[in-house]
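Enquirer:
Number of protein chains: 2
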Amino acid sequence: MATNQEEVSLLGVVGSPFVCRVQIALKLKGIQYKFFEENLVNKSELLLKYNPVHKKVPVFVHNEKPIAESLVIVEYIDETWKNNPILPSDPYQRALARFWSKFIDDKIGGAVWKSVFTVDEKEREKNVEESLEALQFLESEIKGKKFFGGEEFGMVDIAAIFIAFWVPMVQEIAGLELFTSEKFPKLYNWSQEFMSHPVVKEVLPPRDPLFAFFKARYESLLADSK
Amino acid sequence: MATNQEEVSLLGVVGSPFVCRVQIALKLKGIQYKFFEENLVNKSELLLKYNPVHKKVPVFVHNEKPIAESLVIVEYIDETWKNNPILPSDPYQRALARFWSKFIDDKIGGAVWKSVFTVDEKEREKNVEESLEALQFLESEIKGKKFFGGEEFGMVDIAAIFIAFWVPMVQEIAGLELFTSEKFPKLYNWSQEFMSHPVVKEVLPPRDPLFAFFKARYESLLADSK
Numbered sequence: 001m002a003t004n005q006e007e008v009s010l011l012g013v014v015g016s017p018f019v020c021r022v023q024i025a026l027k028l029k030g031i032q033y034k035f036f037e038e039n040l041v042n043k044s045e046l047l048l049k050y051n052p053v054h055k056k057v058p059v060f061v062h063n064e065k066p067i068a069e070s071l072v073i074v075e076y077i078d079e080t081w082k083n084n085p086i087l088p089s090d091p092y093q094r095a096l097a098r099f100w101s102k103f104i105d106d107k108i109g110g111a112v113w114k115s116v117f118t119v120d121e122k123e124r125e126k127n128v129e130e131s132l133e134a135l136q137f138l139e140s141e142i143k144g145k146k147f148f149g150g151e152e153f154g155m156v157d158i159a160a161i162f163i164a165f166w167v168p169m170v171q172e173i174a175g176l177e178l179f180t181s182e183k184f185p186k187l188y189n190w191s192q193e194f195m196s197h198p199v200v201k202e203v204l205p206p207r208d209p210l211f212a213f214f215k216a217r218y219e220s221l222l223a224d225s226k
Numbered sequence: 001m002a003t004n005q006e007e008v009s010l011l012g013v014v015g016s017p018f019v020c021r022v023q024i025a026l027k028l029k030g031i032q033y034k035f036f037e038e039n040l041v042n043k044s045e046l047l048l049k050y051n052p053v054h055k056k057v058p059v060f061v062h063n064e065k066p067i068a069e070s071l072v073i074v075e076y077i078d079e080t081w082k083n084n085p086i087l088p089s090d091p092y093q094r095a096l097a098r099f100w101s102k103f104i105d106d107k108i109g110g111a112v113w114k115s116v117f118t119v120d121e122k123e124r125e126k127n128v129e130e131s132l133e134a135l136q137f138l139e140s141e142i143k144g145k146k147f148f149g150g151e152e153f154g155m156v157d158i159a160a161i162f163i164a165f166w167v168p169m170v171q172e173i174a175g176l177e178l179f180t181s182e183k184f185p186k187l188y189n190w191s192q193e194f195m196s197h198p199v200v201k202e203v204l205p206p207r208d209p210l211f212a213f214f215k216a217r218y219e220s221l222l223a224d225s226k
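In structure tokens form, the structure reads like this:
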């Protein structure tokens with residue numbers, strides 16, 4: 001259980017959708033924490049010590065106990081701080097929340113990324129097709145709901161921040177149309193609703209530098225392939 | 001909560017490590033269920049209806065409510081039937097159990113499979129290396145414990161049934177040495193302990209037909225590549 005003498009830290013980088021998930025959860029729960037900005041080109045001793053397996057961010061550290069993997073962290077936060085629940089209390093609804101969160105990681109993250117940051121035309125086409133197919137499942141799943149979690153946002157919404165904020169940015173850079181209001185009107189409405197939620201709005205990274213970062217990466221990829 | 005009028009079904013195939021995970025959980029909890037054997041070449045209406053997203057087994061159906069994804073199902077079973085707990089009660093230990101279960105799925109399943117069922121030599125070497133590296137992390141993690149879960153087996157053990165039972169079989173077929181008692185003595189001891197546990201022993205599929213099935217698949221792959 002949470003006590004008054006909490007030591008809560010997050011090792012991350014600004015601009016990572018996985019780190020952002022944890023930040024949304026922490027903000028929703030109203031938890032104060034120290035943010036340690038990592039340099040992924042020169043990883044800190046702390047990161048290597050706390051996540052020797054993957055050596056990746058985010059790493060969440062609660063009273064010196066480290067946890068890696070964004071969705072594992074989000075569940076831990078939800079189980080440790082009980083206010084503003086992130087997962088539903090009903091076991092079946094919890095299972096569905098876990099299913100869709102995993103779906104987003106397995107079927108959308110990689111496919112969208114490879115749609116954008118791929119030189120090979122065939123590879124891109126395949127990934128574009130997979131991205132669209134996966135997004136269609138989410139379009140059906142959001143139905144007429146305000147959030148995936150219902151009236152309040154939850155685990156699936158947090159997992160899907162990648163779709164709301166990152167996908168529009170990287171598709172613009174590559175001149176692709178993956179996630180648009182025409183193709184996925186309900187999911188698009190959800191994304192607007194979610195990003196204007198006070199909790200989410202406050203933790204989203206600034207768009208312009210991130211856009212410039214991804215654009216440079218995309219252009220360097222194109223240049224290398226010529 | 002569980003009631004007396006339970007309808008519990010499992011759509012699966014004998015010989016799938018993912019289906020076996022669910023069977024171990026059900027056996028541990030002492031839950032009676034109907035098993036529907038799927039033909040994956042000609043999938044049933046029921047499977048397509050209950051898992052329209054992935055169209056894969058296992059699908060667990062509890063009182064007409066379907067759940068897919070083996071680890072999601074195992075957590076659901078643990079939350080619904082409280083006897084013989086599968087996940088620890090402490091949130092931090094739960095997070096670690098989820099972390100290692102995910103690690104097994106992300107880092108071992110695919111790498112071992114591609115080590116065996118790959119024609120390309122470079123691709124095989126890369127995957128063998130990744131498999132060994134990942135197994136080493138589990139060798140360190142099991143330490144001197146009887147099970148990953150401690151004195152009783154839990155979520156990580158269930159996730160790792162693939163390593164105990166399937167890996168020795170497919171590596172033998174391909175003439176590879178991935179998971180051996182010399183390379184990973186502690187993990188090997190764990191695997192023997194786990195497979196001789198009465199609950200696990202009773203749900204493991206018969207080895208010989210499965211070995212023949214994988215061998216035929218391996219030989220057909222080799223033949224196709226000539």
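In order, the protein sequence lines correspond to chains A and B.
FYI, in full-length UniProt numbering the residues of the first sequence are 1 to 226.
FYI, in full-length UniProt numbering the residues of the second sequence are 1 to 226.
Where is the CB? At the ideal position from N, CA and C, for every residue including glycine.
As the structure is a prediction and not an experimental result, all values here were calculated from the model.
Give me, in chain order, the residues of the same chain whose beta-carbon lies closer than 7 Å to that of Glu202/A; leave out the 5 immediate sequence neighbours on both sides.
Expert: Along the first sequence, read from residue 1 onward, the residue named residue 202/A stands at position 202. Lys27.
Enquirer: So which residues of chain E does Pro91/A contact, with C-beta pairs closer than 7 Å?
Expert: Protein chains A and B are contained in the structure displayed, whereas chain E is not.
Enquirer: Spell out the partners DSSP gives Lys65/A in its beta bridges.
Expert: Numbered from 1 along the first sequence, position 65 holds the residue referred to as residue 65/A. His62/A, per the DSSP bridge assignment.
Enquirer: What residues in the stretch 95-124 of chain B bring their beta carbon closer than 8 Å to a beta carbon of chain A?
Expert: For the stretch 95-124 of chain B, which is checked against every Cβ of chain A, the residues closer than 8 Å are Ala95, Leu96, Arg98, Phe99, Lys102 and Phe103.
Enquirer: List in chain order: all unbroken beta strand (DSSP E) runs of 3+ residues lying wholly within the stretch 16-97 of chain B.
Expert: Qualifying beta strand (DSSP E) stretches, in chain order: 34-37, 59-62 and 65-68.
Enquirer: What's the C-alpha gap between Gly149/B and Asp157/B?
Expert: Taking the first residue of the second sequence as 1, we reach residue 149/B at position 149. Taking the first residue of the second sequence as 1, we reach residue 157/B at position 157. Their backbone Cα atoms lie some 7 Å apart in a straight line.
Enquirer: Ile67/B versus chain A: which residues are under 8 Å apart at the beta carbon?
Expert: Locating residue 67/B in the second sequence gives position 67, where the first residue counts as 1. Correct list: Tyr92, Ala95, Leu96 and Phe99.
Enquirer: Among Asp120/A, Val22/A, Phe194/A and Thr80/A, whose alpha-carbon lies nearest the alpha-carbon of Val57/A?
Expert: On the first sequence, residue 57/A is found 57 positions in, with the first residue counted as 1. Comparing Cα-Cα distances from Val57/A to each of Asp120/A, Val22/A, Phe194/A and Thr80/A, the minimum goes to Val22/A.
Enquirer: Where does Gly110/A fall in DSSP's three states?
Expert: Here residue 110/A refers to the residue found at position 110 when the first sequence is read from its first residue. It is helical.
Enquirer: Determine whether the Cβ of Val19/A lies closer than 8 Å to any Cβ atom of chain B.
Expert: The residue you call residue 19/A lines up with position 19 of the first sequence. No, its Cβ sits nowhere closer than 8 Å to a Cβ of chain B.
Enquirer: Does the structure place the stretch 81-92 of chain A close enough to the stretch 51-69 of chain A that three or more beta carbon pairs sit under 8 Å?
Expert: Verdict: no, contact absent.
Enquirer: Determine which residues of the stretch 131-152 of chain A have a Cβ less than 8 Å from any Cβ of chain B, and write them out in chain order.
Expert: Within the stretch 131-152 of chain A, the qualifying residues are Phe137.
Enquirer: For Ser140/B, count the other beta carbons within 10 Å of its own beta carbon; 16 or more makes it buried, fewer makes it exposed. Which is it?
Expert: By one-based count along the second sequence, residue 140/B stands at place 140. Classification of Ser140/B: exposed, given that the 10 Å Cβ count is below 16.
Enquirer: Which residue or residues does DSSP assign as beta-bridge partners of Val8/B?
Expert: Within the second sequence, numbered from 1, the residue matching residue 8/B stands at position 8. DSSP lists His62/B as partners of Val8/B.
Enquirer: Are the CB atoms of Val59/A and Leu135/A nearer to each other than 8 Å?
Expert: Here residue 59/A corresponds to residue number 59 of the first sequence, with the count starting at 1. Here residue 135/A corresponds to residue number 135 of the first sequence, with the count starting at 1. It is not a contact, given that the beta carbons lie outside the stated cut-off.
Enquirer: So, is the C-beta of Val22/A closer than 8 Å to a C-beta in chain B?
Expert: Counted from its first residue, the first sequence places residue 22/A at position 22. False, the Cβ-Cβ gap to chain B never drops below 8 Å.
Enquirer: So with CB distances below 9 Å, who are the chain A contacts of Val57/B?
Expert: Within the second sequence, numbered from 1, the residue matching residue 57/B stands at position 57. Near Val57/B there are no residues of chain A at all, since even the closest Cβ is about 15 Å away, more than 9 Å.
Enquirer: Under 8 Å between the Cβ atoms of Asn77/A and Ala25/A?
Expert: Here the question's residue 77/A lines up with position 77 in the first sequence. Here the question's residue 25/A lines up with position 25 in the first sequence. It is Ile, not Asn, that sits at residue 77/A in the sequence shown. It is a contact, given that the beta carbons lie within the stated cut-off.
Enquirer: By DSSP, does Phe103/B sit in helix, in strand, or in coil?
Expert: Taking the second sequence and counting its residues from 1, one reaches residue 103/B at position 103. It is helical.
Enquirer: Taking C-beta pairs closer than 7 Å, name the residues in chain A that Val53/B reaches, listed in chain order.
Expert: The count along the second sequence starts at 1 and reaches residue 53/B at position 53. Ordered by position in chain A, the residues that pass the 7 Å Cβ test against Val53/B are Phe103 and Phe137.
Enquirer: For Ser101/A, count neighbouring C-beta atoms within 10 Å of its own C-beta (all shown protein chains included) and say buried if the count is 16 or more, exposed if not.
Expert: Here residue 101/A is taken as the residue at index 101 of the first sequence, counted from 1. So Ser101/A ends up on the buried side.
Enquirer: Tell me which residue opens and which closes the alpha helix (DSSP H) that Lys158/A is part of.
Expert: Along the first sequence, one-based indexing puts residue 158/A at 158. It is Ile, not Lys, that sits at residue 158/A in the sequence shown. Note, Ile158/A: alpha helix (DSSP H), Met155 to Ala159.
Enquirer: Just how far apart, CA to CA, sit Glu121/A and Phe162/A?
Expert: Here residue 121/A refers to the residue found at position 121 when the first sequence is read from its first residue. Here residue 162/A refers to the residue found at position 162 when the first sequence is read from its first residue. Going by the C-alpha atoms only, they are around 24 Å apart.
Enquirer: Residues in its own chain within less than 8 Å of Ser44/A by CB, not counting five upstream and five downstream?
Expert: What you label residue 44/A is simply residue 44 of the first sequence in a count that begins at 1. For Ser44/A, where only same-chain residues beyond five positions count, the Cβ hits under 8 Å are Leu11, Phe36 and Glu38.
Enquirer: Go through its chain and collect everything with a Cβ distance to Met1/A's Cβ below 7 Å, but skip five positions before and after it.
Expert: Position 1 of the first sequence holds residue 1/A. Because Met1/A carries a pLDDT of 47, less than 50, the predicted location of this residue cannot be relied on, and the following value inherits that uncertainty. Excluding residues within five positions, none has a Cβ falling inside 7 Å.
Enquirer: Could you check if Met169/A belongs to the surroundings of the ligand MG, using beta carbon to heavy atom distance under 7 Å?
Expert: This structure simply doesn't include the ligand MG, nor any ligand for that matter.
Enquirer: So which of Gly110/A, Val116/A and Glu193/A has the shortest CA-CA distance to Lys146/A?
Expert: Position 146 of the first sequence, counting from 1, holds the residue named residue 146/A. The shortest C-alpha separation from Lys146/A is found at Glu193/A.
Enquirer: Quick one: list the residues of chain B neighbouring Val72/A, beta-carbon separation under 8 Å, in chain order.
Expert: In the first sequence, residue 72/A corresponds to position 72, counting from 1. Chain B residues near Val72/A: Ala95, Arg98, Phe99 and Lys102.
Enquirer: Are the beta-carbon atoms belonging to Val112/B and Leu221/B less than 8 Å from one another?
Expert: Translated into positions along the second sequence, residue 112/B becomes position 112. Translated into positions along the second sequence, residue 221/B becomes position 221. It is not a contact, given that the beta carbons lie outside the stated cut-off.
Enquirer: How would you write the range of the alpha helix (DSSP H) that Ile163/B sits in, first residue to last?
Expert: As a first step, residue 163/B must be located in the second sequence, where it is residue number 163. Per DSSP, Ile163/B belongs to no alpha helix (DSSP H) and is neither H nor E.
Enquirer: Between the alpha carbons of Phe103/A and Val128/A, how many angstroms are there, rounded?
Expert: What you label residue 103/A is simply residue 103 of the first sequence in a count that begins at 1. What you label residue 128/A is simply residue 128 of the first sequence in a count that begins at 1. One C-alpha to the other measures close to 16 Å.
Enquirer: Would you identify the three-state DSSP class for Phe194/B, choosing helix, strand or coil?
Expert: Working through the second sequence from its first residue, we reach residue 194/B at position 194. Note: Phe194/B maps to helix in three-state DSSP.
Enquirer: Assuming Asp208/B is part of the alpha helix (DSSP H), what are its boundary residues?
Expert: In the second sequence, residue 208/B corresponds to position 208, counting from 1. Arg207 to Asp224 is the extent of the alpha helix (DSSP H) around Asp208/B.
Enquirer: Report the partner residues of Phe147/A according to the DSSP bridge assignment.
Expert: Position 147 of the first sequence holds residue 147/A. Its beta-bridge partners are Gly150/A.
Enquirer: Apply the 10 Å Cβ neighbour rule to Phe165/B and answer buried if 16 or more other Cβ atoms are within range, or exposed otherwise.
Expert: As a first step, residue 165/B is located in the second sequence; it is residue number 165 there, counting from the start. That one is buried.
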